[in-house]
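According to the working numbering, the residues represented by the sequence shown are 156 to 340, in order. Okay, so here's the structure we're looking at.
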Amino acid sequence: EEALRQSEEKFRALVETTSDFIWEVDTSGLYTYVSPQVTQMLGYRPDEMIGKNQFDFMEMDEAERIRAVSERFGGPPHPLVSLEDRCIHRDGSLVIMETNSVPFYTKDGNLAGYRGIVRDITRRKQYETDLRESKARLRSILNGTPVMQFVIDCNHRVISWNLAMEEYSGIRAADIIGTDGHWKA
């Protein structure tokens with residue numbers, strides 16, 4: 156009994172101190188457990204989510220998309236790995252989340268529900284968008300200038316070859332990028 160108590164205490168401490176939100180749903184998809192971190196992540200108290208499903212916290216089109224993903228898997232229960240979805244924070248803002256979950260079973264082997272963990276990846280997704288936009292802007296600048304420019308990395312491999320360089324050298328960027336043949340120009 157003491158070992159069980161210590162194990163439960165350790166589990167509770169881990170669940171309640173992680174920055175991720177941990178949950179459990181029954182076979183109908185209704186939350187039966189929601190960790191306290193959901194308040195920081197989505198603005199709701201755990202007791203406000205118990206008895207509701209994840210779709211109650213999504214825009215309608217996102218709920219339909221996630222339902223379709225779930226139905227596509229069909230068949231026997233399976234784990235979900237790195238499923239990205241968008242939930243609505245209590246303040247109305249969107250939170251992009253990454254969910255991982257596994258099915259769990261009753262003693263007699265019947266599906267009892269799913270347990271999972273959710274990580275807020277909103278900032279990461281914004282950084283990825285910012286990086287893509289920055290790269291596109293840089294490509295536009297490099298290709299838009301009449302000045303011949305190319306860039307090599309620390310291994311002397313061409314990583315950028317602008318249009319002016321293509322016109323001057325007659326070497327297409329697609330043929331030179333990734334090689335060390337910049338000297339051919």
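Glycine included, every Cβ here is placed at the ideal spot set by N, Cα and C. Keep in mind it's a predicted model, so treat the numbers as computed, not measured.
Next item on the list: Could you pull the start and end residues of the beta strand (DSSP E) that L235 belongs to?
Entry: Translated into the one-based positions of the sequence shown, residue 235 becomes position 80. Unbroken beta strand (DSSP E) run through L235: 235-243.
Next item on the list: Output the boundary residues of the alpha helix (DSSP H) element that contains A267.
Entry: Along the sequence shown, one-based indexing puts residue 267 at 112. First-last for A267: 266-275, but that is the beta strand (DSSP E), not the alpha helix (DSSP H).
Check: For I276, which option in R327, T254, R167, H311 has the closest C-alpha, if you only look at C-alpha atoms?
Finding: Counting from one through the sequence shown, the residue named residue 276 turns up at place 121. The shortest C-alpha to C-alpha distance from I276 to any of R327, T254, R167, H311 is the one to T254.
Check: Between I326 and G336, what straight-line distance do the alpha-carbon atoms span, to the nearest angstrom?
Finding: In the sequence shown, counting from the first residue as 1, residue 326 sits at position 171. In the sequence shown, counting from the first residue as 1, residue 336 sits at position 181. Their Cα atoms are separated by approximately 10 angstroms.
Next item on the list: For S190, count neighbouring C-beta atoms within 10 Å of its own C-beta (all shown protein chains included) and say buried if the count is 16 or more, exposed if not.
Entry: Locating residue 190 in the sequence shown gives position 35, counting from the first residue. By the 10 Å Cβ count, S190 comes out buried.
Item checked: Beta-carbon contacts of T334 that lie in its chain and below 7 angstroms, excluding the five residues immediately before and after -> For this step, residue 334 is matched to residue 179 along the sequence shown. Around T334: R312, V313.
Check: If you check the beta carbons only, do Y186 and K207 fall under 7 angstroms apart?
Finding: Taking the first residue of the sequence shown as position 1, residue 186 is located at position 31. Taking the first residue of the sequence shown as position 1, residue 207 is located at position 52. In this structure, the beta-carbon distance from Y186 to K207 falls below 7 angstroms.
Item checked: CB contact flag (E217, R241, <7 angstroms) -> As a working mapping, residue 217 is identified with position 62 in the sequence shown. As a working mapping, residue 241 is identified with position 86 in the sequence shown. Yes, Cβ-Cβ distance for E217 and R241 is below 7 angstroms.
Checklist line | Simplified DSSP assignment, three categories, for I205 | finding: As a working mapping, residue 205 is identified with position 50 in the sequence shown. Three-state DSSP puts I205 in coil, outside helix and strand.
Notebook entry, point to check: Using the C-alpha atoms, what's the distance from I296 back to E179?
Noted result: Working through the sequence shown from its first residue, we reach residue 179 at position 24. Working through the sequence shown from its first residue, we reach residue 296 at position 141. About 50 angstroms.
Checklist line | Bridge partner(s) assigned by DSSP for I349 | finding: This structure cannot settle anything about residue 349, because the visible part of the chain is limited to 156 through 340.
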